Amino acid sequence: MENATLIPHLFRTEYRKLVSVLSCLFGIGYIQVAEDIVSDTFLLATELWVVKGTPQNPVAWLYTVAKNKTKDYLKHDTIFAQKVAKELQYRQGTTEEIDIDLTPKNITDSQLAMMFAVCHPCISAEAQICLSLNLLCGFGAREISDAFLTNKEVIYKRLQRAKEKLKSANIKIAQPTMPEISERLPTVLTTLYLLFNEGYYSSSQNTTLRKDLCLEAMRLNYLLVENELTNTPAANALVALMCFHASRFEARTNANGETILYDDQDTTLWNKELIAKGEQYLNQASQGSSLTNYHLEAAIAWWHTHKEDTAEKWENILQLYNKLLLLQYSPVAALNRTFALAKANGKPEAIIEAEKLNLTGNHFYYSLLGNLYTGLNNPKALQHYTTALHLATSITDKATITKNIEKLQNH
Amino acid sequence: MKEFLMVFRMDHTANSVQPSPEEMQANMKHWQDWMGGIAAQNKLANPGSRLGSEGKVVTANNVVTDGPYAEIKETIGGYIIVKAESIAAAAELGKNCPILHVGGNVEVRPVVAMDDNS
Numbered sequence: 004m005e006n007a008t009l010i011p012h013l014f015r016t017e018y019r020k021l022v023s024v025l026s027c028l029f030g031i032g033y034i035q036v037a038e039d040i041v042s043d044t045f046l047l048a049t050e051l052w053v054v055k056g057t058p059q060n061p062v063a064w065l066y067t068v069a070k071n072k073t074k075d076y077l078k079h080d081t082i083f084a085q086k087v088a089k090e091l092q093y094r095q096g097t098t099e100e101i102d103i104d105l106t107p108k109n110i111t112d113s114q115l116a117m118m119f120a121v122c123h124p125c126i127s128a129e130a131q132i133c134l135s136l137n138l139l140c141g142f143g144a145r146e147i148s149d150a151f152l153t154n155k156e157v158i159y160k161r162l163q164r165a166k167e168k169l170k171s172a173n174i175k176i177a178q179p180t181m182p183e184i185s186e187r188l189p190t191v192l193t194t195l196y197l198l199f200n201e202g203y204y205s206s207s208q209n210t211t212l213r214k215d216l217c218l219e220a221m222r223l224n225y226l227l228v229e230n231e232l233t234n235t236p237a238a239n240a241l242v243a244l245m246c247f248h249a250s251r252f253e254a255r256t257n258a259n260g261e262t263i264l265y266d267d268q269d270t271t272l273w274n275k276e277l278i279a280k281g282e283q284y285l286n287q288a289s290q291g292s293s294l295t296n297y298h299l300e301a302a303i304a305w306w307h308t309h310k311e312d313t314a315e316k317w318e319n320i321l322q323l324y325n326k327l328l329l330l331q332y333s334p335v336a337a338l339n340r341t342f343a344l345a346k347a348n349g350k351p352e353a354i355i356e357a358e359k360l361n362l363t364g365n366h367f368y369y370s371l372l373g374n375l376y377t378g379l380n381n382p383k384a385l386q387h388y389t390t391a392l393h394l395a396t397s398i399t400d401k402a403t404i405t406k407n408i409e410k411l412q413n414h
Numbered sequence: 006m007k008e009f010l011m012v013f014r015m016d017h018t019a020n021s022v023q024p025s026p027e028e029m030q031a032n033m034k035h036w037q038d039w040m041g042g043i044a045a046q047n048k049l050a051n052p053g054s055r056l057g058s059e060g061k062v063v064t065a066n067n068v069v070t071d072g073p074y075a076e077i078k079e080t081i082g083g084y085i086i087v088k089a090e091s092i093a094a095a096a097e098l099g100k101n102c103p104i105l106h107v108g109g110n111v112e113v114r115p116v117v118a119m120d121d122n123s
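Protein chains in written order, with the numbering used here: chain F, 4 to 414; chain C, 6 to 123.
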């Protein structure tokens, strides 16, 4: 790999590992220091590698430089020398140099510890996602703001505030204990779920970035199922859900980054390996008696890996949505349930149910009504699609609705 | 939104013929779809429970007798708790309840909140 591509690649894969290890070492109050040291390391790489050539083992080079910079900092920064270094020497039981452990095991442990620290309930879900992207995935404020369709300053402030809050709450970055896992794992899973959805359903036109968000969520989720303590049925169900959704990555956008709807997708582009992997995790998730929304959503997603419109498929999806709504209401689930009802029990029944939902203000609601009335009462369908078009804000959504209107008019 | 209890009652003496597995499955689907419909409106406060057919009655002097069926024909088959603006709106939710197809009825009662002294 050339430096021009190698360094960004390494930044993506190694930055987050180094930041996690150093943050774990220093404590929550010094995340900024950890980030600065790692950023400096990459800056030095960019400068030196151009002049002297890429080292034989670039990763080892980065680790060594980061270690040396850390040791330097511990010695020369007054606050660090007095507070952090003393504490570390005490913890490691040495008066000698402090050991900076960059073994794969410690890297994984540190990332897991960071995940649980970042997903602390003292900060909002939104802030948790931002911080996860920043610290666990190595995304800069610019990339995060692109994904969230907001400006860089907003994200920058959000990150600063979240870090301050974690600092003042004095959250420990440590291997979570069993009680902490059962208390905080649901939040961690929610964050990963939202992170994945952010990528999967984001209205950002940047498809590469969106896919990266999904892959990062999956990577962090794998960390959980690979660790004995966090390998719970819910965590497995969430991986399964992500695998089934991700299997359609290549089929759901065209070369211009435009969305290809499910019905129009080329199934030969669906990733069979990911589907099989998802099935494995879903089996794993079925051990034990817990049934979470991830289980139900993964099961629904599994049925969607079969494109044929069979009665069995839609009846199963309908009952899964019924169960999901009993467990936890959400407007999205209510709308999808009504769509499944139309497929399983027919459009007339679904129209009656849809009109009870009263989700005015939601453009998906009017798109659903448009779909249900299509073929039964086309003028009414058109009216609903038009309302949907007025309410939709993103380019992607507007394009989809416009396509549906064209289909209706060409009939 | 207030909470209302929905009690499903039916005449246990009327249904002497054991339903076929297909009928039971169809009945099950009716219930799931009907409850899913209420949940989809975000009006299901508690999915409640289905009750078994056995019953014992404890009366004065701690006398225990079999079944609540001695004098009344109707038994309670189950209950759920819904959320609605008014008792009329809650009753509206009771329409199309599967129990109605088998000769049963739905009783709707307001749940009295702790701070409600009316």
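Positions of the beta carbon are idealized from the N, C-alpha and C atoms, including for glycine.
Note that the structure is a prediction, hence the values are computed from the model and not measured.
- Query: For a contact meaning CB atoms closer than 8 angstroms, what does C:D38 contact in chain F?
  - Reply: L321, N325, L344 and N348
- Item | Residue nearest to F:K74 in terms of C-alpha spacing, selected from F:G378, F:V36 and F:T16 | F:V36
- Message: For F:R251, which residues in the same chain have their Cβ closer than 7 angstroms to its Cβ, ignoring the five residues on either side in sequence?
- Response: Q268 and W273
- If you drop the 5 nearest sequence neighbours on each side, which residues of the same chain put their C-beta closer than 8 angstroms to that of F:N230? T111 and L115
- Query: In this structure, does DSSP put C:E59 in helix, strand or coil?
  - Reply: coil
- Could you have a look at C:P24 and say whether DSSP puts it in helix, strand or coil? coil
- Can you give me the start and stop residues for the alpha helix (DSSP H) that F:Y369 sits inside? H366 to Y376
- Message: Helix, strand or coil for F:G202? Go by DSSP, reduced to three states.
- Response: helix
- Item | Same chain, Cβ closer than 6 angstroms to F:A165, five either side skipped, listed in chain order | I126, A130 and L134
- F:R359 versus chain C: which residues are under 7 angstroms apart at the beta carbon? Reading off the sequence, residue 359 of chain F comes out as Lys, not Arg. Going along chain C in sequence order, the residues near F:K359 (Cβ under 7 angstroms) are Q46.
- Proximity to C:V111 [Cα-Cα], best of C:T70, C:I86 and C:A118: C:I86
- Query: F:V24 to F:N239, Cα distance in whole Å?
  - Reply: 26 angstroms
- Query: Just how far apart, CA to CA, sit F:L198 and F:T262?
  - Reply: 20 angstroms
- Quick one: Cα of F:V68 to Cα of F:G30, how far? 21 angstroms
- Item | Contact set for F:D102: own chain, Cβ-Cβ below 8 angstroms, skip 5 residues either direction | Q95
- Task: Grab the span of the alpha helix (DSSP H) containing C:G99 for me, first residue to last.
- Result: I92 to G99
- Same chain, Cβ closer than 8 angstroms to F:L385, five either side skipped, listed in chain order: G373, I408, L411 and Q412
- Message: Just to confirm, is the Cβ distance from C:L98 to C:K48 under 8 angstroms?
- Response: yes
- Query: Of all Cβ atoms in chain C, is any one closer than 8 angstroms to the Cβ of F:L328?
  - Reply: yes
- What does C:G42 touch in chain F if you count any residue whose Cβ is under 7 angstroms from its own? E356
- Item | Extent of the continuous alpha helix (DSSP H) run through C:A15 | Residue 15 of chain C is actually Met in this sequence, not Ala. That residue, C:M15, is in no alpha helix (DSSP H); its beta strand (DSSP E) goes K7 to D16.
- DSSP three-state assignment for C:G53, whether helix, strand or coil: strand
- Using three-state DSSP, classify C:V117 as helix, strand or coil. coil
- Item | Whole alpha helix (DSSP H) elements within the stretch 251 to 335 of chain F, 4-residue minimum | 275 to 288, 296 to 306 and 314 to 330
- Sort C:R114, C:M119 and C:G72 by Cα distance to C:A95 and report the nearest one. C:R114
- Report the option in F:Y324, F:M181 and F:P382 whose CA atom is closest to the CA atom of F:I303. F:Y324
- Task: Report the rounded CA-to-CA distance for F:E352 versus F:W317, giving the unit in angstroms.
- Result: 15 angstroms
- Message: In the DSSP output, which residue or residues are listed as bridge partners for C:A89?
- Response: C:K7
- Query: When the cut-off is 8 angstroms and only beta carbons count, does F:T341 lie next to chain C?
  - Reply: yes
- Item | Residue closest to F:L244, alpha-carbon to alpha-carbon, out of F:N257, F:N234 and F:M221 | F:M221
- For the putative contact between F:A150 and F:L212, defined by C-beta atoms under 8 angstroms, what is the C-beta separation to the nearest angstrom? 6 angstroms
- F:L65 and F:E17 closer than 8 angstroms at C-beta: yes
- Is there a Cβ from chain F that is less than 8 angstroms from the Cβ of C:L49? yes
- Straight-line CA distance for F:R19 to F:V53? 23 angstroms
- Item | Helix, strand or coil at C:G132 according to DSSP, with G and I counted as helix | Residue 132 of chain C is absent from the structure shown; chain C starts at 6 and stops at 123.
- Exposed or buried, F:A402, counting other C-beta atoms within 10 Å across all chains shown (16 or more means buried)? exposed
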